[in-house]
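Here is the structure we will look at, set down as structure tokens.
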Ligand SMILES: [Zn+2]
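Following this line, the structure appears as structure tokens:
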């Protein structure tokens with residue numbers, strides 16, 4: 006490739022600029038470019054002039070070459086306008102392909118930095134740009150981003166609406182999503198009915214509005230687009246049902262008793278050496294215990310923390326299964342629960358709850374000495390340096406830090422008990438086997454009720470059967486729950502009316518009020534069963550928005566956030 010065509014390739018505005026010199030310095034590469042056009046139009050009268058008044062130089066930053074900053078020295082001209090009717094005496098030569106009037110960076114550099122700002126936020130973009138040879142400050146990035154013009158969007162016929170927290174619990178705003186493309190359409194500055202209504206009035210043509218069950222958006226939609234069909238969100242309906250079931254379960258003493266017994270039996274069958282399982286018996290004796298609260302996490306024992314994490318994952322697993330069986334798509338579940346699609350897919354593929362395999366540990370120089378260390382620890386020696394010296398005497402060649410780290414971890418796991426003087430054969434405390442029983446929390450049982458009965462394990466089915474025997478009300482709850490989720494899954498719109506009547510006649514207070522709530526929003530819930538739309542893509546967009554907000558360090562205002570959400 007010849008030098009001439011190479012510069013054509015690399016330079017901005019090759020048609021009107023001629024490269025006269027390349028030089029390098031510590032600051033980067035400098036290019037001297039001379040304007041070459043013979044005549045230039047006057048900006049006031051548009052008549053071309055060839056009469057050069059003066060020559061001058063502009064210095065403009067441009068895109069880097071292989072990470073090296075590039076500065077353009079533009080040798081341009083001031084022209085005289087000789088048109089008799091023109092008020093302008095002279096004008097400077099514009100270079101519209103290269104740089105804006107009086108700007109200090111080329112158009113293409115400004116655009117690159119602006120795009121970086123849209124995608125990464127001011128701080129991050131400034132760092133990336135500087136590293137790549139386009140040094141710039143965060144403030145300048147934000148200034149460039151603010152110049153972004155939001156592209157005109159076609160008003161969709163299918164619109165998704167939801168609210169999101171701009172400031173937690175204090176300031177809510179609205180996101181509108183095009184449900185055909187699943188792309189964000191607009192961010193509204195609040196979450197009021199009137200703002201949504203006026204947007205809808207300004208953008209006629211929306212035929213279907215998928216929304217959550219909040220009354221505000223129902224009202225705004227009615228005001229702004231009275232002819233549009235409103236669709237309640239099936240996912241929110243599922244959550245409403247789950248919340249109602251949990252409330253009912255909390256009040257069912259007999260059911261909690263069965264849960265306690267089932268848990269105790271499970272525990273016992275897993276630990277045949279019954280001497281250590283007195284805790285199981287305690288739980289049978291005290292019915293309020295079997296559905297323990299997560300607040301017990303304050304216990305510093307790592308085992309307990311692990312068990313709680315496992316219980317959370319288990320609850321999540323049950324929820325994924327229940328939602329899937331209620332007809333939610335994998336992508337939707339992932340977006341709503343803020344877990345990855347891969348996790349959802351793994352849960353659905355597995356034949357049972359996938360236990361977490363412990364992280365493989367790298368072989369440590371400390372390994373041959375841990376028995377000794379544990380014994381010394383149990384004997385009350387907690388000084389890391391002292392322990393390290395003792396190990397050195399035994400031939401240990403590892404670092405002091407490795408022993409200090411071991412001691413720090415030990416401090417957390419089993420704080421030293423100065424009174425203990427264990428014998429050498431007694432196992433260290435952290436060597437206890439992991440207990441594989443998950444407590445029967447109401448939330449877990451609630452998700453069982455929402456799953457297809459034939460997909461439950463025989464064990465779970467047996468527990469539910471016992472609960473049904475123990476409580477006729479539970480039997481009713483179970484039946485209504487299965488009917489509801491099946492209705493959602495199969496979109497049996499004809500079942501809605503009978504279900505509402507059965508729920509209202511059920512004497513289960515929370516289900517009755519769920520039914521009353523649905524009754525108030527009947528048309529939209531009915532549409533949710535009739536039509537395939539959901540606000541799942543809106544949730545996905547809210548998650549993306551939250552990520553963008555976080556990457557802006559919370560300093561960027563709503564206008565910047567809006568630009569980044571809509572244009573990046
Ligand atoms: Zn003129």
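In the working numbering, the protein residues as written are 6 to 573. All residues carry an ideal CB built from backbone N, CA and C; glycine is no exception. Since this is a predicted model, take the numbers as computed values, not measurements.
Not one heavy atom of ligand 1 sits closer than 7 Å to the Cβ of residue 97. In the DSSP assignment, residue 554 falls outside any beta strand (DSSP E) and lies within the alpha helix (DSSP H) extending over 541-556. CA-to-CA, the gap between residue 177 and residue 396 works out to about 59 Å.
Between ligand 1 and the CB of residue 88, the shortest heavy atom gap is smaller than 7 Å. DSSP, read as helix, strand or coil, puts residue 23 in strand. Ranked by Cα distance from residue 136, the options 228, 201, 202, 68 are led by 68. The Cβ atoms of residue 320 and residue 457 do not sit closer than 8 Å to each other.
The Cβ neighbour count for residue 527, taken over all protein chains shown within 10 Å, is under 16; the residue is labelled exposed.
Closer than 7 Å to some heavy atom of ligand 1: that does not describe the Cβ of residue 21. DSSP, read as helix, strand or coil, puts residue 518 in helix. Cβ atoms of residue 542 and residue 184 come within 8 Å of each other, at about 6 Å.
Boundaries of the alpha helix (DSSP H) harbouring residue 564: 563-572, taken from the DSSP string.
Scanning its chain for C-beta atoms nearer than 8 Å, with the 5 sequence neighbours on each side dropped, one finds around residue 547 the residues 167, 169, 180, in chain order. For residue 235, the enclosing beta strand (DSSP E) stretches over residues 234-237. Taken through DSSP and simplified to helix, strand or coil, residue 189 comes out as strand.
Around the beta carbon of residue 370, fewer than 16 other beta carbons lie within 10 angstroms, which makes this residue exposed. Your pair residue 128 and residue 515 does not check out as a contact, with CB atoms roughly 47 Å apart and the cut at 8 Å. Contact check for residue 225 and residue 201: beta-carbon distance about 3 Å, within the 8 Å limit, so the pair qualifies.
Here residue 346 is not near residue 240, since their CB atoms are 8 Å or more apart. Taking the CA atoms as reference points, residue 495 sits about 8 Å from residue 332. Taking the C-beta atoms as reference points, residue 40 is found nearer than 8 Å to residue 80. Taking the C-beta atoms as reference points, residue 114 is found no nearer than 8 Å to residue 572.
Between residue 21 and residue 100, the C-beta gap is smaller than 8 Å, which places the two residues in contact.
The Cβ neighbour count for residue 70, taken over all protein chains shown within 10 Å, is under 16; the residue is labelled exposed. In the three-state reduction of the DSSP assignment, residue 343 falls in the coil class.
In this structure, residue 482 lies near residue 454, with their beta-carbon atoms less than 8 Å apart. The beta carbon of residue 26 is closer than 6 Å to those of 37 in its chain, skipping five residues each way along the sequence. Around residue 246, the same chain offers 455, 486, 489, 490, 519 as residues with beta carbons nearer than 8 Å, after the five sequence neighbours per side are excluded. By DSSP's assignment, residue 64 forms a beta bridge with 78. Distances from the CB of residue 82 to the heavy atoms of ligand 1 are all 7 Å or more. For residue 528, the enclosing alpha helix (DSSP H) starts and ends at 527-535. Close CB contacts of residue 23 within its chain, under the 7 Å cut and outside five residues either way in sequence, are with 38, 39, 41 (chain order). A Cβ-Cβ distance of about 7 Å is found for the pair residue 468 and residue 263, placing them in contact under the 8 Å criterion.
The Cβ atoms of residue 236 and residue 214 lie closer than 8 Å to each other. For residue 214, the beta-bridge partners assigned by DSSP are 164, 235. Bridge pairing for residue 176: 172 [DSSP].
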